[in-house]
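Undergrad: All the letters of the sequence shown, read from the start, carry residue numbers 12 to 342 under the working numbering.
A virtual CB, placed ideally from N, CA and C, is assigned to each residue, including glycine.
Treat the numbers as computed from the prediction; the structure is a model and nothing was measured.
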Amino acid sequence: MDLTRIALAVVPALGVVVGASISSGQPPSRMARVGYLPSAGSAAGTNPSLQALRQGLAELGYVDGRNIVVEARGPEGRLERLPELAAELVGLNVDVIVTLGGVATRAAKNATSTIPIVFAVVIDPVVAGLVSYRQQPGGNLTGFTSFDPQEMRPHLEVLKEAIPGLVRVAFLGDGGVPGSPEASRAWDEQQARAVGLQAQTLRIRGPNPDLDAAFEAARREQAQAMLVLEMPATVEHRRRIAESAIRYRLPTLFVGNYGDTMGLIAYGTSRAETGRRLAAYVDKILKGAQPGALPVERLTHYELVINLETAGAAGVTIPPALLERADRVIR
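(1) Given this structure, state the Cα-to-Cα distance separating L264 from R204, to the nearest angstrom.
(2) Closer than 6 Å by C-beta to V316: which residues in its own chain qualify, once you throw out the five before and the five after it? Chain order, please.
(3) What does a CB cutoff of less than 6 Å around L240 pick up in its chain, not counting 5 residues either side in sequence?
(4) Just the C-alpha distance for T328 and R179, rounded to the nearest angstrom, thanks.
(5) Taking the alpha-carbon positions, what's the E247 to N58 distance?
(6) Look at G187 and R260 and say whether their C-beta atoms are less than 9 Å apart.
(7) Which word fits K298, buried or exposed, when buried means at least 16 other C-beta atoms lie within 10 angstroms of its C-beta?
(8) Quick check: the Cα distance between N78 and R249, rounded to an integer number of angstroms?
(9) Going by other Cβ atoms of all chains shown within 10 Å of its Cβ, with 16 needed for buried, is G207 buried or exposed?
(10) Could you tell me if G323 is buried or exposed, where buried requires 16 or more neighbouring beta carbons within 10 angstroms of its beta carbon?
(11) Any contact of the segment 163–183 with the segment 129–146, i.e. 3+ C-beta pairs under 8 Å?
(12) Need the endpoints of the alpha helix (DSSP H) that Q62 sits in, please.
(13) Distance check for A228 and S281, CA to CA, integer angstroms please.
(14) If you check the beta carbons only, do P302 and T156 fall under 9 Å apart?
(15) Rounded to a whole number of angstroms, what is the C-alpha to C-alpha distance between R195 and G176?
(16) Mind the definition here: the segment 92–111 touches the segment 40–54 only if three or more C-beta pairs lie below 8 Å; say whether that holds.
(17) Return the chain-ordered ranges of every alpha helix (DSSP H) run that is complete within the segment 73–144 and spans a minimum of 4 residues.
(18) So is A131 buried or exposed if we call it buried at 16+ other beta carbons inside 10 Å?
(19) Pop quiz: V293 and L96 are said to be a contact at Cβ under 8 Å. What is the actual Cβ separation, rounded to whole angstroms?
(20) Going by other Cβ atoms of all chains shown within 10 Å of its Cβ, with 16 needed for buried, is E335 buried or exposed?
(21) In the segment 150–238, which residue ranges form an unbroken alpha helix (DSSP H) of at least 4 residues, counting only runs that do not cross its ends?
(22) Please list the terminal residues of the continuous alpha helix (DSSP H) segment that includes E320.
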């Protein structure tokens, strides 16, 4: 038997099989390990953003415990824990780290320069110094941004439509995030002024923020509504913030996809789309793509959620035209 001839016949056949496997888009056969680190929230399976990521991975053929393990960690309202949690994921030698928010992304970047990092819920990663360029990030980071030159203008326009006669709005953010109070105040005022409103800057700090103090300050300054920014402390305590807003009868708009709270309005990028897009980049990296060669892409699918139960409690009548535009109405 001519073994050389047999070998020459087998090699092309193997090439066909391998090529078919790669082109079919099937997940790698080995067990992949993916780290998950949000700037706020827990690592519990009930975390909606974590669920969205798992669903996105499942749609691509990744089955938890069979060909992928998601190592989830969460700061539980304590930003100072993020460097420790990022280092823990690096110590587990995960293949990719998925981060949500600028603070968690910074912690992961500081923890490793070799493990790929895919981020979301980052306003402008170039300005934040996370990547050099959006089209060619370089290094070990890439991901998705909700950056829009108009930034909060669409959210404030929704508030103005929901509350005719709105003049003064309180911006509630996280005072524990790096940055000067003066810069935060200037940014709030700039955003409000762009749509003809006046701004009041309010900041809380975790892990046990004094929400009553914030709402009392809003009342003293005669704020007619509150814009809750998507920041670690506000995300972590969003339910308490919504409950306080009902108690103080102050209409709120939560920036981000947080229709699970009792806030009057939630307006932000689709959590399901974010999960799918993150999963798609994780999939590409697990199959050999370099994160620095994957462009930072913008999330453009926004969802508007209106809670009529909260509207009734706050004494607000939502205009029919705004209700018609809502993706979901909670009654």
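TA: To lay it out plainly:
(1) 18 Å
(2) G270, A277 and R339
(3) G184 and V266
(4) Within the model, the alpha-carbon separation for T328 versus R179 is close to 18 Å.
(5) C-alpha of E247 to C-alpha of N58: approximately 11 Å in a straight line.
(6) no
(7) exposed
(8) 35 Å
(9) Exposed.
(10) With fewer than 16 other Cβ atoms within 10 Å, it is exposed.
(11) Counting Cβ pairs under 8 Å, fewer than three are found: no touch.
(12) P59 to E70
(13) 32 Å
(14) no
(15) For the sequence presented, residue 195 should be read as Ser rather than Arg. Roughly 25 Å separates the two Cα atoms.
(16) yes
(17) 93–102 and 113–122
(18) buried
(19) Not confirmed; about 19 Å, so no contact.
(20) exposed
(21) 164–173, 192–204 and 222–231
(22) L319 to A325
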